[in-house]
Every structure is written in C-alpha cells, then in structure tokens.
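Q: Please see the structure below; I have some questions.
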Amino acid sequence: MQLISSTSLQRIGTILLLISNFTQGQECGQADFDVLDYIDPFIGTANGGHSFAGATLPFGMAKAVADTQGENQGGFAFDTVTVTGFSHTHDSGTGGSPSMGNFPIFVHPSCPGSNLTGCSWRSSDRAVAWKQGSAKARPGYFGISLENGVHAEMTVTNHSALYRFTFSEANLQSLDPVILVDIIDLPLSRNRGTASVDPSTGRLTGSGNFNPSFGIGTYNVYFCADFKGASVRDTGSWKDNRATLGQTNVSVTTDSTHPATSFSAGTFTRFHPPTQDDGILARVGVSFVSVEQACSNVEQEQPDFDFDATVMAAESAWREKMEVVKVDAQGVSSELQTIFWSGAYRAMISPQDYTGENPLWESDEPYYDSYYCIWDSFRGIHQFLTLVDPLSQSRMLRSLVDIYRHEGYLPDCRMSLCKGYTQGGSNADVLISEAFLKGITDVDWDTAYKAIVKDAEVEPENWNVEGRGGLQSWKTLGYIPKNDADPGTEGLRTRSVSRTVEYAYNDFCIAQMADRMGHDTDRDKYRQRSNNWRNVFKANQTSAINGVSTNFTGFLQPRNADGTWSYQDPIFCSPLLDFTSCYLNADGHETYEGSCWLYTFFVPHDMASLITTLGGPDQFVSRLSFLHDSGLLYVGDEQAFLTVFQFHYAGRPGISTKRAHSYIPSQFNASVRGIPGNDDSGAMGSFAVLSMIGLFPVHGQDVYLINPPFFKEVSIRNNITGKVAMIRNINFDPSYRSIYIQRASRDGKPWTKNWITHEFFTNGGTLELELGSTESDWGTKIEDLPPSMSDYHWINRL
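Numbering-wise, the sequence shown is residues -25 to -1, 1 to 773 according to mature numbering (1 follows the signal peptide of the UniProt record, and there is no 0).
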C-alpha cells in the first residue's frame, strides 16, 4: 500500500475541495475560478503530440518529468508502459528525434539482498512499468507511481528541479534506496561525459557533451544533485551493468566499444532507510556553464528543499502569466475551457530563458534558446506572446538580434546553444518585422533591420542552418530553381517551391519595415521581390485525385534554371499521396511538409492578386473550401493555420468562423491525443487559443482577422500599457449555431472592417460583435477586406 504523508493528504484534500467548489461556482457565477484547474499538461502527450507534460516555469530552463520508453520526444508519453528515469532538461512538442533529457536520475527502493549486483543499471534494463492512472500533472508539478514501489513527484525553479521520492514499502526500515545518475540523454547522442560522487554527502555532479536533436554542433551541460531525508550508506560508480563501491569518479567517451546507444555509466548514492514518510528529496541544478554554476543555481534557488513551497511558487508564476486574459465562460463546456487555457499554457513553455547560461559569448542582453523552430512558431506562438506577454516577446527578439551580432545571422531554428536546421525561408525576418509594426519596445531596431537585410542579400556558406540559399538565382531568375546549382555553398537542394514562396514573403516583411523606417529604395526592391511567387505559378497546371479531376487549374510548380517547368503532382505530400515524403532529409521533393495545393495559398501579403489569379473570389472560396473538405489539408502542420481564416480576404468571414469551429474541438480537444500533430513548442496550442479569442493574427503583419470568440466575452490586458481590450459577443450562443457576425461596433461606433490592428490591444477598448445564425453582409465589401499589396478589383457582392 502506498504510504502518503499527512501533508500530502491535506494537499490532495484541498485540491479536491477547490475542484468541487469551482465546478459548482461556474454554474452559480461565483468568483472562485482558478485557471490552473483548466490547464491539462497531458494534452498532446499521445499519438505523436510530443507535448512536455512535466514541471516547468513559464519559459523555464529546468523542465522535470519522467522519461518513458518509446516515442518520448517530450520525455513522458501517455501511450507508453515503462519509465527509465527522471531528467531535468526537455523541449516540448518537437518532431524528429527526442531532445535533451540529460543526466536522468533513477531510484531503486532496494537492491535484492542489499547486493548492488542485484540492481539493474543500464537504461533499458532498469526500465520499470508505471502504474496506469497514477500520472498527475499541473503547472509546476508532475507525479507518477512506478511498479517498483517508488512514487515520484517533481517541481522546478528556473535552473533546478526538486524531486520527492516516497515508497510503498509497508516497513520503511526495510528500504535500502539507491539513487543513480546516468551520463546519457534521450536521443542517446552523448559524445563524452564524466560524473563524480562525494562519499561524505552523497552529492552527485557531472558534465557531458551531447548533440542537438535538429541541428549541427555539440553542447556541454552540467548537473549537481543533493539529497535530504536519509543518511548516506555508501557511494560508488557504475559502468554498463556493473557497479563498483567506493569509486568516486567515472568517465565515458563514444567509440566503437562504448557507443551511447548501448553503453552508459554514472555514479550513485545508497541511503539508509528514510527518516520520515516524506521519503527522500533530491534537488538537481543544471547549467550550460559549469558544475560550479549548476551547484550555485540549486543552492540559491532551492536552499531549503521545500517541495510544497516550490510548487506554490511555480503555480503563482503561471497564474501571473495567465491573469492578463479573462473570459466569461458562462455556458461554455469544461472541455472548451480546458482547450483554451491549456493551449495558452503550452505556448509559454518555450522559448526557454537561458539568460546567464550562455557560455558562447559575453553579453548584457537576454539569451533565449529552444526556438524550435521559428518556421513553426512564427505562425502563432509569437503572435500570442505579443498579445499576452509583450515584455517576454521583447526579450526574445533582443536575444535573436544578439545572436545575429555574435554569430553573423539570425537563426531560423536554435536549440541547446546550437544552430538548428532551416526548413524554409529566413523566418526570423517575419517575427522582427511584425514586432516592429506592432510597437514592441526596447529592441535595437537598427541592428535588427541590418540582420534581416543580410538574410536577403548575403548567402552564408551553410544555408542549412542560417540565412537563405540560392540567392544568386533569387536575384537573377526571380525564383529558386529545382536542383539549383548554387556553387560554393552547402545546403539541401530541395524545397524549391516552398522556399520560393517563403522567400517572397520574407522580402515583403522586410519591405514593410523598410517603409516604416524610411528606407525607400529597399522598400521598393523588396516589394518587387515579393512578387516572385508568380514565377512558380503554372497557370495551366491541373490536379486530380485518384484519376478524377479536382476541376481546379493553376498551381505552384517547380521550375528549372533554364525557365522550363518541372513537375510535382499538386497533391504530393498531402494526406492523399505520399504524405511523409517531404521531410527535410527526404530527396526529390520541392515542397516542405505540404503539397503544392497547400502552398499555392501562401501569398499572405497579396491575397487580392492571388484571388484574382485563381479566378476571383467565388472560385477562390470554392477552391479553399475544397482544400479543407477533400482530405488534402493536414491541420497538424503550421502552414495550414492561416488557410482556416483566408476566407476573410474573399469577403466571406463567416466561413472562416465556421472552419474554426470545424477543427475545435474535433482536432483540438482535451484528450491526451488532443492535437492533430506534434505541438512544435506550443504552436498547436497557440492556434487553438488564438482561434478561440476570435482575433486571428496574420503573421508578419499588423492585421487581426475578426471572428467571434468561443466565449461570451474575452479581455486581454496589455502588461506594458495596462490597457484592456475586450471582445464581446452579443446574442452569444454556447451551442455555436449563431456564429455569424451581423454587425460590429468598436467603442460604440460601427465597425465594418473584418480586421483590426494591434493598437486595439495597446490602447484598449471594446469590440462588440452581434451574432446571428446566418451569414450577413458584414465585412464583405471591398473596403472592409484586410490589407493586400495589390488592390482588390472584383465587384462588391451581397
């Protein structure tokens, strides 16, 4: 039987009482709402969602969770069986290989016969089943019970994790606990490492050199672990599956006989039975600078091993982040509320604040890491942060600019102090331009502008990890040709179509910033280059599904350097044809993680021209609807996000709203499988929460497309100006049959545009949306459509 301390029982009772009161309070309109009760960190921890379920602070560096065997990119996955350890560094929602999970610790309640040879040491051997139904997660807290009798709980500060291990042995005196550390990580990428143990205190320390999961180079990380609750019996080290008592140091390197995939090592401390029911506490500091800094971090942040106080502090940090958003959830289901708040939560897990932990250069600027990756996050995460936490968004942008200062280019992806792979364009350009237009403060905009212009003009030697490739072709041909020669550079000669349209949009974003800063020559040049999407649009290209024509003509297509056309089936790399053939390391694809069908809609800066090119607004609506209805679209990849709302540009905002409701909660829900793809550091969460707020941002521009919120009322307080922006539904229908805007007003005055700018959030005000059950003529006239580089030419309808 599991032994639980009296304090734990009191805490559980308090939580149950709060949940009970809250459930009743929502029905009665009482004010005992606790946002944390509506955040479920397990959403997206199954079916490849890879969400991080463990304990973290907002943008925190330390991230503690149980590491499971299987698809464990986020450490813990709900659809697994066994746990191999508990580690303190993770990323959230990443695709590809697992990330980080350095230096896991593991607990044996006892070794059979008190003989160390009876315990298992290697990761695969020591793995133990976790009790299904035992896993509990809440912002700042994670707990789980294992079949070996260990109940593990964990919480964090910014640079340290605090674990509490209790045991189910009926007689505590029979325990002989062993806590080991393993010089390994989740992707088994270790190159070398060391670990030490202090035989007098049991302190475990160590360092290791590892590879990033989606980039080049290596990184060093350090740890420092102390214990409380039991006295030290003895200490030692272990290699492979053999322990040696009394040995205080161990080291490993990677060679043919000691690969990280099958060989590991570490140190351990064995304890006498715990002195109290609270078991053994383990505090683990982490650092990217040194063992000494790891120890200093944990000593400063966890001086008293106070588990409950640390949980409370973490919860307070999360409540503070969330309190700028208020919703009137009257009539709205608990599931939808959970989708909303959990999406907001996951969007603030990364990027991670490594300020003071960057050994690569000295700087007074903030340093953030785990931009994983900007290709994903520029379409939602940073727009959400601009709304709810512009101070953090400012710090992240300052960090990006500082990376440019010291490494020569802005990153498109970055993790673990390493350069990550570039998936498409130089999309930090989009973030910088948008933040500038929206008035984000305290950024060195002159240097930021130089950085994005360099992306557009100077090709790096290795454009796999920074900048853009094919710039000579870009400047002379006006597109990236298939199999571009691009001599003297290193980079994957793939994705010519998707890179072309992304480069075009990157250049438009630069043009916006140039225009606002008075760089007229640059403005004109980059506006012209932003038209280059046209050069890969083949007007007579048809498309068929299973041999049956889709009845739509004109799609993006790859093009050779001599101007002739190549061919990629427009549905290739969609769910209907070879869906997984367009990943970064695959050959022979000219689009990235999506089809030509999908990328044909990626002209966010000139939708008027695109709509005209595709046959006018009615034909555009028909084609965009077909994309959503035919199975061609996978909403689990970020390029799909804007297509949900692009009906606004054709004067049909009501269809955008209807589409949002078709995906939430069918694809975005409150189950452990509750996101359609991997979360990409919170990108799926940001899409859900922005859709439910009702003002969906067009990335890279100062434009929000207006849709009714999923609540009667949503308000957001700007944490710089203190102003409050409120979006209120009149005639709100929680059954969501009346979702179409009939009329709108801003601060009491009629508002006919189907979009609004960021000054609504900085200056505050009230946007009221009167709803009905059918589409109206609101937001349909040409003068009410969102901005486009070209003019809208078609005749008003409705």
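C-beta atoms are modelled at their ideal positions from N, C-alpha and C, and glycine is treated no differently.
Mapping the DSSP letters down to three states, classify E128 as helix, strand or coil.
A: To locate residue 128, count along the sequence shown from 1; it is residue 153. Here E128 sits in strand by DSSP.
Q: Could you give the C-beta distance for Q44 and T64, rounded to a whole number, given that I count them as a contact under 8 Å?
A: Residue 44 sits at position 69 when you count from the first residue of the sequence shown. Residue 64 sits at position 89 when you count from the first residue of the sequence shown. So it is not a contact: roughly 18 Å between Cβ atoms.
Q: If we call anything under 7 Å between Cβ atoms a contact, is A269 one with Y197?
A: For the purposes of this step, residue 269 is taken as the residue at position 294 of the sequence shown. For the purposes of this step, residue 197 is taken as the residue at position 222 of the sequence shown. Result yes, Cβ atoms of A269 and Y197 sit closer than 7 Å.
Q: Go through the segment 213 to 289 residue by residue and report every complete run of the alpha helix (DSSP H) that reaches 4 residues or more, in order.
A: Complete alpha helix (DSSP H) runs here, min 4: 266 to 276.
Q: What span of residues does the beta strand (DSSP E) with M701 cover, start to end?
A: Along the sequence shown, one-based indexing puts residue 701 at 726. First-last of the beta strand (DSSP E) with M701: 699 to 705.
Q: Which residues mark the beginning and the end of the beta strand (DSSP E) in which A431 is found?
A: For the purposes of this step, residue 431 is taken as the residue at position 456 of the sequence shown. No beta strand (DSSP E) contains A431, which is instead part of the alpha helix (DSSP H) from 420 to 432.
Q: Counting C-beta neighbours from all protein chains within 10 Å, is the total for R712 16 or more, i.e. buried, or is it exposed?
A: Counting from 1 along the sequence shown, the entry for residue 712 is found at position 737. Exposed is the call here.
Q: Here's the rule I'm using: 16 or more other beta-carbon atoms within 10 Å means buried, otherwise exposed. How should N738 be labelled?
A: As a working note, residue 738 is residue 763 in the sequence shown. That one is exposed.
Q: Given a cut-off of 7 Å, decide if R634 and V610 are closer than it, judged by their beta-carbon atoms.
A: By one-based count along the sequence shown, residue 610 stands at place 635. By one-based count along the sequence shown, residue 634 stands at place 659. Cβ atoms of V610 and R634: not closer than 7 Å.
Q: Buried or exposed: E409, going by 16 or more other Cβ atoms within 10 Å of its Cβ?
A: In the sequence shown, residue 409 corresponds to position 434, counting from 1. Buried, because 16 or more other Cβ atoms sit within 10 Å of the Cβ of E409.
Q: Please confirm whether V153 and N123 have their CB atoms less than 7 Å apart.
A: If you number the sequence shown from 1, residue 153 lands on position 178. If you number the sequence shown from 1, residue 123 lands on position 148. Cβ distance not < 7 Å, so V153 and N123 don't count as in contact.
Q: Tell me where the alpha helix (DSSP H) around F198 begins and ends.
A: The residue labelled residue 198 in the question sits at position 223 within the sequence shown. Per DSSP, F198 belongs to no alpha helix (DSSP H); it is in the beta strand (DSSP E), 194 to 203.
Q: When you compare only the Cα positions, how much space is there between K698 and S164?
A: Sequence index remark: in the sequence shown, residue 698 carries index 723 (1-based). Sequence index remark: in the sequence shown, residue 164 carries index 189 (1-based). K698 and S164: Cα-Cα distance of roughly 48 Å.
Q: Report yes if the C-beta distance between D722 and G740 is below 7 Å; otherwise report no.
A: Against the sequence shown, residue 722 aligns to sequence position 747. Against the sequence shown, residue 740 aligns to sequence position 765. Cβ distance < 7 Å, so D722 and G740 count as in contact.
Q: From the DSSP output, read off the bridge partner residues of F117.
A: For the purposes of this step, residue 117 is taken as the residue at position 142 of the sequence shown. Its beta-bridge partners are A112, M129.
Q: With burial defined as no fewer than 16 other Cβ atoms inside 10 Å of the residue's Cβ, what is the status of C3: buried or exposed?
A: Sequence index remark: in the sequence shown, residue 3 carries index 28 (1-based). Unreliable positioning characterises C3 in this predicted model, as indicated by a pLDDT of 35, which lies under 50. A coordinate reading is not provided.
Q: Given that a residue counts as buried once 16 or more other Cβ atoms are within 10 Å of its Cβ, and exposed if not, what is H733?
A: Your numbering for residue 733 matches position 758 in the sequence shown. Flag for H733 reads buried.
Q: Residues in the same chain with beta-carbon distance under 6 Å from R504, minus the five sequence neighbours each way, listed in chain order, please.
A: Position 529 of the sequence shown holds residue 504. Counting only Cβ-Cβ distances below 6 Å, and skipping sequence neighbours, we find D482.
Q: Following the continuous alpha helix (DSSP H) through K301, name the residue where it begins and the one where it ends.
A: If you number the sequence shown from 1, residue 301 lands on position 326. Run containing K301: none in the alpha helix (DSSP H); it sits in the beta strand (DSSP E), 300 to 303.
Q: Whole angstroms are fine: how far does the CA of F243 sit from the CA of A218?
A: For this step, residue 218 is matched to residue 243 along the sequence shown. For this step, residue 243 is matched to residue 268 along the sequence shown. For A218 and F243, the distance between alpha carbons rounds to 9 Å.
Q: Could you give the distance in angstroms between the alpha-carbon of G355 and the alpha-carbon of Y480?
A: Sequence index remark: in the sequence shown, residue 355 carries index 380 (1-based). Sequence index remark: in the sequence shown, residue 480 carries index 505 (1-based). Spanning the two alpha carbons is a distance of roughly 16 Å.
Q: Is there contact here, the segment 363 to 373 with the segment 621 to 640, by at least three beta-carbon pairs under 8 Å?
A: They do not touch, by the three-pair rule.
Q: Take S720 as the anchor and find which of I714, W293, E745, D604 has the nearest alpha-carbon.
A: For the purposes of this step, residue 720 is taken as the residue at position 745 of the sequence shown. Comparing Cα-Cα distances from S720 to each of I714, W293, E745, D604, the minimum goes to E745.
Q: Just to confirm my understanding: we take G590, look at its own chain, exclude 5 residues before and 5 after, and list those with CB closer than 7 Å. What are they?
A: Here residue 590 is taken as the residue at index 615 of the sequence shown, counted from 1. For G590, where only same-chain residues beyond five positions count, there are no Cβ hits under 7 Å.
Q: Report the partner residues of P725 according to the DSSP bridge assignment.
A: As a position in the sequence shown, residue 725 is number 750, starting the count at 1. Answer is S720, bridged to P725.
Q: Taking the alpha-carbon of G168 as reference, which of V207, Q107, L467, G241 has the nearest alpha-carbon?
A: In the sequence shown, residue 168 corresponds to position 193, counting from 1. Of V207, Q107, L467, G241, the residue nearest in Cα terms is G241.
Q: Drop a sphere of 10 angstroms on the beta-carbon of Q148, count the other beta-carbons inside from all chains shown, and report buried for 16 or more, exposed for fewer.
A: To locate residue 148, count along the sequence shown from 1; it is residue 173. It counts as exposed.
Q: By how many angstroms is the C-alpha of R97 removed from the C-alpha of L91?
A: For this step, residue 91 is matched to residue 116 along the sequence shown. For this step, residue 97 is matched to residue 122 along the sequence shown. Each residue's Cα considered, the two are about 13 Å apart.
Q: With Q368 as the anchor, note down where its alpha helix (DSSP H) starts and where it stops.
A: Counted from its first residue, the sequence shown places residue 368 at position 393. Element bounds for Q368: 365 to 382.
Q: Here's a check: name, in chain order, each residue in its chain whose Cβ is nearer than 6 Å to the Cβ of L608, leaving out the five neighbours to either side.
A: For the purposes of this step, residue 608 is taken as residue 633 along the sequence shown, with counting starting at 1. If we look at L608 and ignore the five residues flanking it on each side, its Cβ neighbours are L602, A615.
Q: What does the Cβ neighbour count give for N333, buried or exposed, with the cut at 16 atoms within 10 Å?
A: Position 358 of the sequence shown, counted from the start, is the residue given in the question as residue 333. By the neighbour-count rule (16 or more Cβ atoms within 10 Å), N333 is buried.
Q: Mapping the DSSP letters down to three states, classify L599 as helix, strand or coil.
A: Locating residue 599 in the sequence shown gives position 624, counting from the first residue. Reduced to three states, the DSSP call for L599 is helix.
Q: For G192, which residues of its own chain have a beta-carbon under 7 Å away from its beta-carbon, when the five flanking residues on both sides are left out?
A: Here residue 192 refers to the residue found at position 217 when the sequence shown is read from its first residue. C393, K394.
Q: From E441 to R380, what distance separates their C-alpha atoms?
A: Translated into the one-based positions of the sequence shown, residue 441 becomes position 466. Translated into the one-based positions of the sequence shown, residue 380 becomes position 405. Distance between the alpha carbons of E441 and R380: 14 Å.
Q: Say whether the segment 635 to 644 touches the segment 288 to 295, bearing in mind that this needs 3 or more beta-carbon pairs closer than 8 Å, one atom from each stretch.
A: No: the two stretches stay apart, fewer than three of their Cβ pairs being nearer than 8 Å.
Q: Taking the beta strand (DSSP E) that N184 belongs to, which residues open and close that run?
A: Along the sequence shown, read from residue 1 onward, the residue named residue 184 stands at position 209. Looking at the DSSP string, the run of the beta strand (DSSP E) that includes N184 is 179 to 185.
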